[in-house]
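Everything below concerns the one structure shown next.
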Amino acid sequence: MSADKNPAIVGEQILIQYSIDTQGSNFKSPNFNGLRVLSGPNPSTQSSYSFVNGKSQSSTKTTYSYYLKATKEGTFNISPATIKVDGKTIKSKSYQLKIVKGSEKNKAQQKALSDNLFIKVDVSKRNIVLGEQIIVTYKLFTRLELNNTELSELPDLNGFWTKDLETSSRFKRDVIDGIPYNVATVKKSVLTAQKSGKLIIDPMELKCSIRVKNNKRNRGFFGNNYQIQEEYISSKAITITVTELPSPPPNFHGAVGKFIIKSEVDNTTANANDAISYKLTITGTGNIELIEPLAIQFPEDFEVYDPKISDRIFEGGRKRSIKTFEYLLIPRYEGEYTIPSTSLVYYNNKTKKYETKKTPQHNLIINANNNTEDENSTINQQIIKTEKKDIHYIFTTTKLKEIRDNILNINLFIIIFFLPIFLISLLWIHNTIVGKTDTNSSDWKNQKANKIALKRLKYAQNCINNNDFESFFEEIEKSLLGYFADKFKVSIADLSKETVSTHFYSNAIDINTEKQFIALLDECEFARYAPASNKNAQMGDILNKAKHIIIEVETALK
């Protein structure tokens, strides 16, 4: 066991190493009471081979390394480490490490480091209610030349539901109190309080490799006068005060923010056993990601499947987001039915009041299903009366004919022999014709896809002229999806973001075009529920984007 410095100064990093000249297993770390472990154990193995008097010899050395940091003065006892070798447990000696107070020069160096390299935590709000969201941003400020940085310890977020947001790690220039710094966002998260009280966000620790100038005269053959110095820096702990919500109404289930709710059915008139889609959409800002399916009272004669849940969450719900619950309903009997109004109760943290948004009720007319195939399908759960016509009585009399000598005449033999050959030839001709027809049809679709898409975009242009805001985005979506399906010979039912990515990649279409295609579909879906203030300008912009994307794809495929 060895230490690279003893005594050490408060705040210094100390390298502790345990070495053994053989192979071992089940290494157990010592107890570093009073010392902060920055990293370790970090095992490394060295093997050497030599020849003595014509015989080869090998040796192995294993080392376990720790980086420690002392935060206060004193003498610290490090307990023995243990390891198993050939089934036996061996242990190191205990070790005393002395930590002394630094000189004024050391303190000045530490202060210079902390002034030029530090982490700052920005919290959007420190006093919130249960279920409310905040954004926590960790920024690295430096005036030093960094070779590398990595997270060595993430903050504990007990009492919060958390979601990390995408950030750019690029450094930007910022000036604080007249001093310029290079600043990078290390981590950015949305936190949702899950319990009340004073919740502490623990510090985040960062390992920084700093490129410092080597003042020694011997700088090597190439004159390299720089060396890498590793330093660990930490952010400060943050305390968030979370208060309980006011006494909630009975149908409140934890939604906090501001939301609107909308419901729709794809068909108000249908036949028994036909599928109906019921879609409930929640739009707004807040903890929308944590909202569970609402209690909807569907008619008892409807078979209801678990909802398909989809969402488009922006900044963890801090920006206007959408969450959709789509139910598949199958009515079993004819009649008139009603899907009653559904309500969402949420706490508005700005008005500090509970608010309720309701959907309209939907009246459905279900007709009798006269489709006999559907009645006999497995999805039909009504009782079916079967007629006993499939089993007949045993015949009591027989009519037998005498077998002639020639069981199979020559003409019948020829027909039976050549008939399979004729049928196989006919089948081959049929498949060839059908295959060419399919190919021609597919090629025709491929050639006409651009014209079809532009034609549908003309319908979208008509929507702009008629101020038909709702239909416009539906036409744009139909145009893009129909174009993609025809162009790449994909069924509409199989369309997804993954399908788009796969076909764009396989056809060497630029990644930016792919992103624009998917982003435009998302923008259309979002705009239907969250319209802009200037609707005509928004529709014109989206129409131009759609035209641009189609032209980009066509150009790439030529």
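So in this note's numbering, spot 116 of the sequence shown is number 139, and the numbers just go up one at a time. Even glycine gets a Cβ: it sits at the ideal position worked out from N, Cα and C.
Asked                                                                                                                : Found
Nonlocal neighbours in the same chain, by C-beta distance under 6 Å from Ser-602, ignoring five residues either side : In this structure the chain extends from 24 to 581, so residue 602 is not present and cannot be described.
8 Å contact criterion, which Glu-500 and Leu-544 should meet: CB distance rounded                                    : 6 Å
Any beta strand (DSSP E) of 3 or more consecutive residues that is wholly inside the region 253-319                  : 261-266, 275-288, 292-294, 299-309
Coarse secondary structure for Ala-531, derived from DSSP in three states                                            : coil
Coarse secondary structure for Thr-190, derived from DSSP in three states                                            : coil
Any chain B beta carbon closer than 9 Å to Asn-535                                                                   : Here chain B cannot be found, since the structure has a single protein chain.
DSSP three-state assignment for Asn-139, whether helix, strand or coil                                               : helix
Outcome for Ala-531 when other beta-carbon atoms lying within 10 angstroms are tallied against a minimum of 16       : exposed
Rounded separation between Pro-64 and Asp-179 - CA only                                                              : 22 Å
Alpha carbon of Leu-504 to alpha carbon of Lys-331, nearest angstrom                                                 : 20 Å
Gly-243 - DSSP class collapsed to helix/strand/coil                                                                  : The predicted model places Gly-243 with a pLDDT of 49, which falls under 50 and marks its position as unreliable; any figure quoted below should be read in that light. Reduced to three states, the DSSP call for Gly-243 is coil.
Touch test, the region 111-125 against the region 89-101, Cβ-Cβ under 8 Å, three pairs minimum                       : yes
Supposed contact pair Glu-493 and Tyr-482 - C-beta distance, whole angstroms, cut 8 Å                                : That belief does not hold up - the Cβ atoms of Tyr-482 and Glu-493 are roughly 13 Å apart, past 8 Å.
Bridge-paired residues (DSSP) for Gly-31                                                                             : Before going on, a small fix: residue 31 reads as Ala here, not Gly. Bridge partners of Ala-31: Ile-122.
Rounded C-alpha distance that separates Ile-406 from Phe-321                                                         : Caution applies to Ile-406, whose pLDDT of 42 falls short of 50 and renders its modelled position unreliable; the value that the coordinates give is listed next. Roughly 23 Å between the two C-alpha positions.
Any 3 or more C-beta pairs closer than 8 Å across the region 271-279 and the region 355-369                          : yes
Selection from Ser-524, Glu-521, Asp-187 that minimises the alpha carbon distance to Gln-156                         : Asp-187
Rounded separation between His-571 and Ala-542 - CA only                                                             : 13 Å
Of the listed residues Pro-363, Lys-210, Glu-359, Asn-49, nearest to Ala-391 (C-alpha basis)                         : Glu-359
Neighbourhood of Ala-579 by C-beta, 8 Å cutoff - its chain only, sequence neighbours within 5 removed                : Asn-530, Ala-531, Ile-532, Asp-533, Thr-536
Reduced DSSP category for Tyr-356 - H, G, I as helix; E, B as strand; rest coil                                      : coil
DSSP state of Ile-157 mapped onto helix, strand, coil                                                                : strand
Own chain partners of Asn-181 with C-beta closer than 6 Å, once the 5 adjacent residues on each side are dropped     : none
DSSP state of Gly-2 mapped onto helix, strand, coil                                                                  : Here the chain has residues from 24 to 581 only, and residue 2 is not among them.
Anticipated Cβ contact below 8 Å, Ser-42 with Lys-84, distance rounded                                               : 6 Å
Whole-angstrom distance between Ala-31 and Gln-217, CA atom to CA atom                                               : 43 Å
Distance, Leu-61 Cα to Tyr-255 Cα                                                                                    : 8 Å
Three-pair Cβ contact test at 8 Å for the region 163-170 versus the region 312-320                                   : no
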